[in-house]
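Engineer: Numbering-wise (the numbering used here), the sequence shown opens with residue 8 and increments by one. All residues carry an ideal CB built from backbone N, CA and C; glycine is no exception.
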Amino acid sequence: MQSLNLKEKLNQTTDFLIGVELVSTRGTMSEKRAIQAKEFSKELTYQPQIDWVSITDNAGGNPMLSPEALGTPILYAGQDVMIHLSCKDLNRHGLESRAWSLASHGFQNILALSGDYPIQDIGGMPKPVFDLDSIGLLAMLERMNQGLEIQSHNFKRRQLLPTTFYLGAVTTNFKYDEQSVAPQYLKLQQKIKYGAQFIINQIGYDARKMHEQIAYLHQKNLQHIPLLGNVFALNPNVARLFHSQRIPGVVVSNDLLDLCKKQAQSPDKGKQFFLELAAKQLSIYKGLEYRGAYLGGVHTYKDVETILKTAKTYSSTDWKTFVHELNFSRKGEFYSYAKNHNTGLSNPSTPNSIPASIHLPLKQKFLYKFSKAAHQWAFVKGTKLARLAQWWCKRYRFSRGLRLAERMSKSLLFQCKDCGDCSLSEIAYLCPESQCAKNQRNGPCGGSRDLLCEVTQTECIWSRAYVRLKSENRENNLLNHVPVLQNQALRGTSSWVNIWLEKDHTSQK
Ligand code: SF4
């Protein structure tokens, strides 16, 4: 009988699945690290207890060997492979082209990511792309799955053959503040709405947050979406790195770091402890009814085997005890639900939103209210002024004086960069082009560190937007819009005219 693929296993069985992360390396396949990765992948290929191998795409913002180079031999040997596809280095054409190539080689499982910001390299900093974000990418791949409709050179429309990608996304759920956590969950819903069929969470060591994520999906009637829990085997050096928050979105608390440092003093430098911790983490995910575990931080099959064997020695209820061990939160951390003090997990029947005590500073409040009123008055379809402006723009040209007024007012109030396809109304009147390093138009990426952007160290615009909406009790509407795929052809043109003449993304509403 032919074995089931990852999608079939997740949809047709109740098995707890195991995937292992393979980090791509820099250099050719002849480099020592690539040879080690290849050896590791060979071991993973023939193990019946491994359900898939996941291969990273330029992780940490580094240029790496393409995941397909490592993945093709694994795939052709019969093992399921998940390819990570990030938006940092390719625009939508590059991503589409890469997706066709993946489909043609037989890769089905794609993990769609916004991607890490590029790091300094040859000659300085490379130009980050971020033409799409993870939601834009999911929406594009989903359209490919439906059969992408394109326009041929003779202007006739035709439909391409549908792809059969099994699409997944990541959620960064171990954040600290409400305005970082809540937008991640809102984005999770959008990811599912626009194509994600499975979800993997970010690295974290807090059982209550692990539970919170699955409770959230249940609350939103999304329990049919398989959740795969991130199990990362630490070591003292990696723990230090994670603690310093140099890996965006990954959290190791002070208490956990202290424990790691203590374990590093042992003769095996804590190796056994860390593998056991990973086995406990895996058991918790299994106990919480996640559909599988995504194992990272392991580089030999021996370590994978140790984790899996250790996990098998636990009884079906041991995980409940481990919950009290794996509770490395930070003091004052926000949770979406109250704590169940008996279990140490969440109490999903008691949502835990901080009361709307958020008061915007006066200047911010005035700018927000003024921008909102002006938008509703002049740019919302069907209003008198919008209709008049539309009529005027169709009949006459937009005057130079008005264009100047637009440029001056928007650059002064919003640091507008004149992209022509304006997202202000969707981000509580904060400009993604000038204030978001990755120009995220469909929700926050996972990279902020304690509210601050991983790149600019300024407060994330999505956290600020959440606070603005929360001051009006509308925070749950933060991402209520169709995926924005920015139209680069509008750059340098009037965003006002583009709204009135329905040339920009808002006309897709
Ligand atoms: S037009 Fe573009 S650059 Fe200008 S405020 Fe809007 S989103 Fe920002």
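Would the stretch 318 to 329 count as touching the stretch 33 to 49 if we require 3 or more Cβ pairs under 8 Å?
Structural biologist: no
Engineer: I need the residues with a C-beta less than 7 Å from some heavy atom of the ligand SF4; please give them in chain order.
Structural biologist: LYS417, PHE421, CYS423, LYS424, ASP425, CYS426, GLY427, ASP428, CYS429, SER430, LEU431, CYS438, PRO439, GLU440, SER441 and SER502
Engineer: Between GLN397 and the rest of its own chain, which residues show a CB-CB distance below 6 Å, the 5 nearest in sequence each way excluded?
Structural biologist: Same-chain partners within the cutoff: TRP507.
Engineer: For the alpha helix (DSSP H) containing SER93, name the first residue and the last one.
Structural biologist: SER93 -> not in any alpha helix (DSSP H); beta strand (DSSP E) instead, spanning 88 to 93.
Engineer: Please identify the residue among PHE373, ASP128 and LEU437 whose C-alpha is closest to the C-alpha of PHE421.
Structural biologist: Nearest of PHE373, ASP128 and LEU437 to PHE421, Cα basis: LEU437.
Engineer: Are the beta-carbon atoms of TYR201 and PRO490 separated by less than 8 Å?
Structural biologist: The answer is yes: Cβ separation under 8 Å.
Engineer: For the beta strand (DSSP E) containing LYS33, name the first residue and the last one.
Structural biologist: Going by the sequence as given, residue 33 is Arg instead of Lys. Premise fails: ARG33 is in no beta strand (DSSP E) and is neither H nor E.
Engineer: Pick helix, strand or coil for LEU195, following the three-state DSSP scheme.
Structural biologist: helix
Engineer: Which partner residues of GLU466 appear in the DSSP bridge assignment?
Structural biologist: LEU459
Engineer: Around the C-beta of PHE386, are 16 or more other C-beta atoms found within 10 angstroms, so that it is buried, or is it exposed?
Structural biologist: buried
Engineer: Whole angstroms is fine: what's the gap from ARG247's alpha carbon to LEU282's?
Structural biologist: 17 Å
Engineer: Tell me the rounded alpha-carbon separation between ALA444 and SER121.
Structural biologist: So the two alpha carbons sit approximately 12 Å from each other.
Engineer: Identify every residue that forms a DSSP beta bridge with PHE47.
Structural biologist: None; PHE47 has no bridge partner.
Engineer: Check VAL60 in the structure and name its three-state DSSP category.
Structural biologist: strand
Engineer: Would ILE221 pass as a contact of TYR297 if the rule is Cβ separation under 8 Å?
Structural biologist: Yes.
Engineer: Counting only runs that start and end within the stretch 176 to 248, where is the beta strand (DSSP E) found for 3 or more residues in a row?
Structural biologist: 205 to 208 and 234 to 239
Engineer: Do LYS276 and PRO243 have their beta-carbon atoms positioned less than 8 Å apart in this structure?
Structural biologist: Yes, these two residues count as a Cβ contact at 8 Å.
Engineer: If you drop the 5 nearest sequence neighbours on each side, which residues of the same chain put their C-beta closer than 7 Å to that of PRO358?
Structural biologist: SER343 and TYR344
Engineer: Give, in chain order, every unbroken run of the beta strand (DSSP E) that is at least 3 residues long and sits entirely within the stretch 321 to 401.
Structural biologist: Counting whole runs of 3 or more residues, the stretch 321 to 401 contains the beta strand (DSSP E) stretches 344 to 347 and 352 to 358.
Engineer: From the DSSP output, which residues share a beta bridge with GLY26?
Structural biologist: For GLY26, DSSP records a beta bridge to TRP59 and TYR301.
Engineer: What does a CB cutoff of less than 6 Å around MET8 pick up in its chain, not counting 5 residues either side in sequence?
Structural biologist: Only weak support is given to the placement of MET8: the predicted model assigns it a pLDDT of 49, under 50, and the value that follows is read from those uncertain coordinates. Answer for MET8: no residue qualifies.
Engineer: On a CA-only basis, which of PHE335, LYS39, ASP310 and THR350 is nearest ASP325? Give me that one, please.
Structural biologist: Selection PHE335, LYS39, ASP310 and THR350 evaluated against ASP325 yields THR350 as nearest (Cα-Cα).
Engineer: Please state if the CB of ALA119 and the CB of LEU145 are separated by a distance shorter than 8 Å.
Structural biologist: yes
Engineer: Could you please give the first and the last residue of the uninterrupted alpha helix (DSSP H) stretch that includes LEU144?
Structural biologist: 141 to 153
Engineer: Cutting at 7 Å between CB atoms, please list the residues of its own chain near ALA472, excluding the five before and the five after it.
Structural biologist: ILE434, ALA435, LEU437 and LEU485
Engineer: Can you tell me which of the three DSSP states GLY85 falls into?
Structural biologist: coil
Engineer: Could you tell me whether the Cβ atoms of GLN186 and VAL474 are closer together than 8 Å?
Structural biologist: yes
Engineer: Tell me whether ALA496 is buried or exposed, calling it buried when 16 or more other Cβ atoms sit within 10 Å of its Cβ.
Structural biologist: The Cβ neighbour count for ALA496, taken over all protein chains shown within 10 Å, is under 16; the residue is labelled exposed.
Engineer: Can you give the beta carbon distance from ASN65 to LYS95, rounded, assuming they're within the 8 Å contact cut?
Structural biologist: 7 Å
Engineer: May I ask you to report which of helix, strand or coil DSSP gives LEU420?
Structural biologist: helix
Engineer: For PHE239, which option in ALA381, VAL259, PRO355 and ASN228 has the closest C-alpha, if you only look at C-alpha atoms?
Structural biologist: VAL259
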